[in-house]
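Report on the following structure.
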Amino acid sequence: MLRLLRPLLLLLLLPPRGSTEPPGLTPLSPGAPPQPPDLLYADGLRAYAAGAWASAVALLREALRSRAALGRARQDCGASCAAEPRAPEPDSVPGPWPRAREPLLLRAVFRRAECLAQCEARTLGPGGAARLRVGRAVRDAFRRREPYNYLQRAYYQLKKRELAAAAAHTFFVANPMHLQMREDMAKYRRMSGLRPQSFRDLETPPYWADYDTGLELLGRLEVGLALPRLEEALQGSLAQMESCRAACEGPEEQEQETEEEEEEGGAGSHGGLYPAIAGHWIRVLQCRQRCVTDIATRPGRSLPVPDFFPSQLRRLHEAHAQVGNLSQAVENVLSVLLFYPEDEAAKQALTRYQAQLGEKGLGLGPREDIQSFILRSLGEKRQLYYAMEHLGTSFRDPDPWTPAGLIPEVLRAKLREDQEKRPWDQEPPQPTPLAYWKDVLLLEGVTLTQDARQLNGSERAVLDGLLTPAECGVLLQLAKDAAGAGARSGYRGRRSPHTPHEHFEGLTVLKAAQLAQAGTVGSQGAKLLLEVSERVRTLTQAYFSPERPLYLSFTHLVCRSAIEGEQEQRMDLSHPVHADNCVLDPDSGECWREPPAYTYRDYSGLLYLNDDFQGGDLFFTQPNALTVTAQVRPRCGRLVAFSSGVENPHGVWAVTRGRRCALALWHTWAPEHQEQEWAEAKELLREPEQEEEEEEEEEEDETPSRDPVPEPPSRKPQRTHDRAGKAPWVREEL
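Position one of the sequence shown corresponds to residue 0 (numbering that gives the first Met the number 0), numbered consecutively onward.
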C-alpha cells in the first residue's frame with residue numbers, strides 16, 4: 000500500500016494550473032534553525048516547475064543545508080549526551096533480575112532520551128530531529144544527489160555557469176552512468192570561460208580527496224608530503240563514521256525499517272514490549288555496522304574499498320618508518336595488529352621498529368581512536384550474533400577481520416555459506432560448452448561466457464571463441480583494404496551523424512564481394528565474411544530460437560576510429576542508446592514498433608574483431624536509456640547476441656583512441672526479409688570449378704517427370720527497390 004501511495008505524492012509537487020509563482024514557498028531567514036528538508040525540497044521543485052529559477056536555487060540549497068545541519072546536530076548531541084555521567088551499571092546492583100536492575104536500566108534510557116531531546120531542541124528548534132524527519136522517497140533523492148541535477152539547470156537559466164558546472168559535476172560523480180548528464184557535462188566543458196576548477200564536487204567528504212592525494216604522493220615517492228594527507232584521510236573517515244552512526248538513531252531509519260516490516264507482513268512488530276525494544280536496538284546496531292561499508296564506498300561506486308581502515312594504517316606505518324617517525328610507525332602497526340593479530344608482515348615490522356627504538360618503544364601502544372573503534376565494533380557484533388542465535392534475526396558482517404571466536408559455533412557453517420555468496424568473493428563463472436545447448440554440437444571451442452542473468456537482462460548472451468586470431472586479422476585487413484579503396488557502403492557515402500569525433504567505415508557483404516571480384520581486396524577476406532555471418536546466424540538460432548529458423552536480414556562490417564585531437568574531456572557516445580526494431584521513447588519507457596525502425600528484426604549480434612583501442616564498450620540500459628545495467632568489453636572472436644526489442648536498449652561508449660571493428664548482424668524470423676545481398680555476394684564469390692561441379696551434380700540428379708515444371712528462377716536473386724526505383728538505403732549500424 001505504501002508503494003502505491005508514494006507516486007501520488009508527486010502530484011503535490013506540481014504548481015496549480017495557470018499560476019505564475021509556485022504556492023507555499025517556505026520563507027527563508029538567515030541564521031534561523033533548519034526547516035524540514037522534505038518541505039523545502041518540495042517547494043524547490045514547485046519553483047523549478049514554475050520557472051522561478053532564483054527561488055528554486057534558494058529553496059534547494061536550503062534543503063541541502065538543513066539536511067546537513069540535521070546530521071551534524073545528531074552527531075554532536077549524541078557525543079555530548081554519551082559523555083555525561085552515567086548511572087550505576089545494572090550488573091553492579093545486587094538482587095534478582097529484573098526486580099532490582101530493570102529500573103536502573105530504564106532510568107538510564109530515560110536520561111539519555113531527555114538529554115538528546117533537550118540538546119536537539121536547543122540546536123534544531125522546538126521538536127528537534129523529529130520535526131525534521133524526512134520520508135524515504137526524499138531521503139533516497141538526497142542520497143542520489145538529485146537536488147544538484149535541478150540546481151545545475153536552474154543555475155544555467157540564471158546564467159551562473161560556474162555554479163551550474165559544479166552542481167552538474169556533483170550529481171555526475173554519484174551517477175556516472177546517467178547518460179543525459181554525460182551530455183550536459185560535455186556541453187559545459189565546451190563552454191568558454193569554464194576552467195577545470197569549475198567542476199568541483201560539492202558533496203563528497205573531504206577524506207576521499209585526502210586519501211587519493213596521499214596515494215598519489217606515495218606513488219611519486221614524496222612520503223613526507225603524503226603523510227599529513229593520509230592522516231587527514233584516516234581522521235576524516237573516522238569522523239564520517241561517527242556521523243553515519245548518529246544517523247542510525249534518527250527517526251527516518253527506524254521509520255524505514257518499520258515500513259519494510261509492514262510490507263513483509265508485520266514480522267516482529269507484534270511481539271510485545273521487550274521484543275519491540277530488542278528489535279529496535281538490533282536495527283540500530285545493524286545500521287551502525289553497515290556504516291563501515293558506506294564510508295569505504297566512493298560516490299558512484301557499488302563496492303567498497305576492501306579492508307579500508309586496516310589498509311590505511313598499513314600505509315601510515317610504512318610511511319612513518321620511511322621518514323624516521325618510528326614512534327608513530329609503532330602506534331600504527333600495533334593498530335593493524337588489533338585487526339589482524341596474526342599478520343606476519345605487521346609482526347615483523349613491529350619487531351624491526353622496536354629493535355631500532357630500544358627502550359623508547361616499550362611504552363608505546365596502538366592508536367586510541369582505532370582501539371576505541373574496534374572495542375565498540377566488537378561489542379556490537381557480539382550482540383548481533385547473540386540475536387542471530389537466539390532471536391532468529393539476520394546479520395551480514397561487513398568486516399573480514401572479525402575474530403572467529405566471536406561467532407557462535409552453530410552459526411559458523413551458515414556464515415561460511417553466506418560469505419561464499421558475496422559477489423566479490425565468487426570465482427568467475429565457468430563457460431558452458433556449446434554442446435549443452437539442445438544437445439547440439441555446433442562449433443568446437445565456442446563457450447558461453449555470460450548469460451542473461453549475469454548480464455542483468457533477458458535474452459542476452461556473450462559467447463567467446465567464434466574467431467581465431469588469424470581470422471580476426473583477415474577481416475581487419477579486409478576492412479582496412481576496403482576503406483583504403485574508398486568503399487563506404489551502408490552510409491550513402493557520408494559520415495555518420497552520431498558523433499563528429501570519430502571516423503566511420505562500413506562494408507556490406509555484397510560490396511566486399513564486388514571489391515574482391517575487381518581485385519581491390521583479397522577474396523579470402525570476402526569469403527570469410529560470408530562464412531562468419533552464417534556461423535553467427537547458426538549460433539544465434541541454436542541459443543535463442545532452436546525451434547524456429549532465423550534468417551540473416553543485414554550484415555555490416557563497421558569500423559570506427561577516434562579522431563586525434565578531439566578526444567579530451569569528450570562525453571558523447573559513439574552510438575546513442577536505441578533498440579533495433581522499435582523507436583525508443585526514454586521518457587515513457589516505451590518502444591514504438593513502426594518506421595523508421597526495422598520492425599522485422601528479431602535478434603541482433605555483434606562479433607568483435609579487436610580490442611586494441613580505448614572506450615568502445617557495448618552497454619545495455621533500462622528502457623529509460625539512462626540507467627546502465629550491463630557492459631561488455633570487445634575482444635577478438637567475442638559475440639554479443641540479444642533480442643532486438645525494447646527489452647534490450649543498448650549503446651556504445653565513445654572510442655577515444657584507436658580503431659574499433661566489429662561485424663554487426665541482424666536476424667529475422669520472416670523469410671521475406673532475409674538478406675538478398677548475401678546470396679548475391681555468394682554467387683559473385685563462387686569459384687568457376689565449383690560452378691561446373693554443381694552443374695554436373697544437378698544433371699546427374701535430374702529425373703524424368705510426367706508433369707511439366709516451371710523453369711527454375713535465376714540463381715541471382717533480384718534486389719528489392721522502393722517505389723522510386725532506387726535501392727533502399729541502409730542506415731548506419733553498430
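From the three backbone atoms N, C-alpha and C, an ideal C-beta is built for every residue, glycine too.
Have a look at residue i and residue j and give me their C-alpha separation to the nearest angstrom.
{"i": "residue 530", "j": "residue 469", "result": "15 Å"}
{"i": "residue 238", "j": "residue 74", "result": "10 Å"}
{"i": "residue 409", "j": "residue 393", "result": "14 Å"}
{"i": "residue 594", "j": "residue 582", "result": "8 Å"}
{"i": "residue 15", "j": "residue 156", "result": "At residue 15 the pLDDT is 44, less than 50, meaning the model places this residue with poor confidence and gives no usable figure here."}
{"i": "residue 228", "j": "residue 571", "result": "35 Å"}
{"i": "residue 739", "j": "residue 662", "result": "No information on residue 739 is available, as it lies outside the stretch 0 to 733 that the chain covers here."}
{"i": "residue 185", "j": "residue 116", "result": "48 Å"}
{"i": "residue 395", "j": "residue 335", "result": "23 Å"}
{"i": "residue 656", "j": "residue 451", "result": "30 Å"}
{"i": "residue 118", "j": "residue 69", "result": "12 Å"}
{"i": "residue 222", "j": "residue 358", "result": "27 Å"}
{"i": "residue 345", "j": "residue 578", "result": "55 Å"}
{"i": "residue 590", "j": "residue 602", "result": "16 Å"}
{"i": "residue 47", "j": "residue 71", "result": "28 Å"}
{"i": "residue 633", "j": "residue 528", "result": "18 Å"}
{"i": "residue 491", "j": "residue 504", "result": "Interpretation of residue 491 is limited by its pLDDT of 43, a score under 50 that renders its predicted location unreliable; no figure is taken from the coordinates."}
{"i": "residue 196", "j": "residue 151", "result": "16 Å"}
Among the options, which residue has its Cα nearest to the Cα of residue i?
{"i": "residue 32", "options": "43, 108, 120, 111", "result": "120"}
{"i": "residue 306", "options": "157, 401, 622, 503", "result": "401"}
{"i": "residue 548", "options": "478, 604, 666", "result": "666"}
{"i": "residue 136", "options": "283, 622, 36", "result": "36"}
{"i": "residue 537", "options": "557, 524, 684, 462", "result": "462"}
{"i": "residue 55", "options": "62, 43, 48", "result": "43"}
{"i": "residue 546", "options": "668, 525, 519", "result": "668"}
{"i": "residue 193", "options": "158, 473, 341, 105", "result": "158"}
{"i": "residue 540", "options": "471, 458, 520", "result": "458"}
{"i": "residue 480", "options": "517, 498, 449, 500", "result": "517"}
{"i": "residue 147", "options": "671, 276, 62", "result": "62"}
{"i": "residue 564", "options": "482, 308, 555, 499", "result": "499"}
{"i": "residue 681", "options": "647, 648, 532", "result": "532"}
{"i": "residue 460", "options": "79, 217, 281, 629", "result": "629"}
{"i": "residue 60", "options": "78, 588, 40, 651", "result": "40"}
{"i": "residue 737", "options": "104, 215, 276, 289", "result": "Given a span of 0 to 733 for the chain in the structure shown, any question on residue 737 remains unanswerable."}
{"i": "residue 677", "options": "553, 234, 562, 646", "result": "553"}
With C-beta atoms as the reference, is residue i less than 9 Å away from residue j?
{"i": "residue 544", "j": "residue 600", "result": "no"}
{"i": "residue 365", "j": "residue 388", "result": "no"}
{"i": "residue 177", "j": "residue 198", "result": "no"}
{"i": "residue 201", "j": "residue 165", "result": "yes"}
{"i": "residue 580", "j": "residue 597", "result": "yes"}
{"i": "residue 64", "j": "residue 298", "result": "no"}
{"i": "residue 641", "j": "residue 456", "result": "yes"}
{"i": "residue 328", "j": "residue 317", "result": "yes"}
{"i": "residue 535", "j": "residue 615", "result": "no"}
{"i": "residue 286", "j": "residue 313", "result": "no"}
{"i": "residue 311", "j": "residue 210", "result": "yes"}
{"i": "residue 502", "j": "residue 592", "result": "no"}
{"i": "residue 466", "j": "residue 482", "result": "no"}
{"i": "residue 555", "j": "residue 664", "result": "yes"}
{"i": "residue 188", "j": "residue 566", "result": "no"}
{"i": "residue 521", "j": "residue 453", "result": "no"}
{"i": "residue 576", "j": "residue 650", "result": "yes"}
{"i": "residue 631", "j": "residue 639", "result": "yes"}
{"i": "residue 671", "j": "residue 509", "result": "no"}
In terms of residue numbering, what span does the alpha helix (DSSP H) encompassing residue i cover?
{"i": "residue 454", "result": "Element bounds for residue 454: n/a, residue is neither H nor E."}
{"i": "residue 537", "result": "522-543"}
{"i": "residue 290", "result": "272-294"}
{"i": "residue 505", "result": "From DSSP, residue 505 is part of no alpha helix (DSSP H) but of the beta strand (DSSP E) over 501-507."}
{"i": "residue 566", "result": "That residue, residue 566, is in no alpha helix (DSSP H); it is neither H nor E in DSSP."}
{"i": "residue 247", "result": "From DSSP, residue 247 is part of no alpha helix (DSSP H); its letter is neither H nor E."}
{"i": "residue 37", "result": "36-48"}
{"i": "residue 392", "result": "Looking at the DSSP string, residue 392 is not in any alpha helix (DSSP H), and its letter there is neither H nor E."}
Could you spell out the range, first to last residue, of the beta strand (DSSP E) harbouring residue i?
{"i": "residue 665", "result": "658-667"}
{"i": "residue 558", "result": "550-561"}
{"i": "residue 642", "result": "638-642"}
{"i": "residue 459", "result": "459-463"}
{"i": "residue 628", "result": "627-631"}
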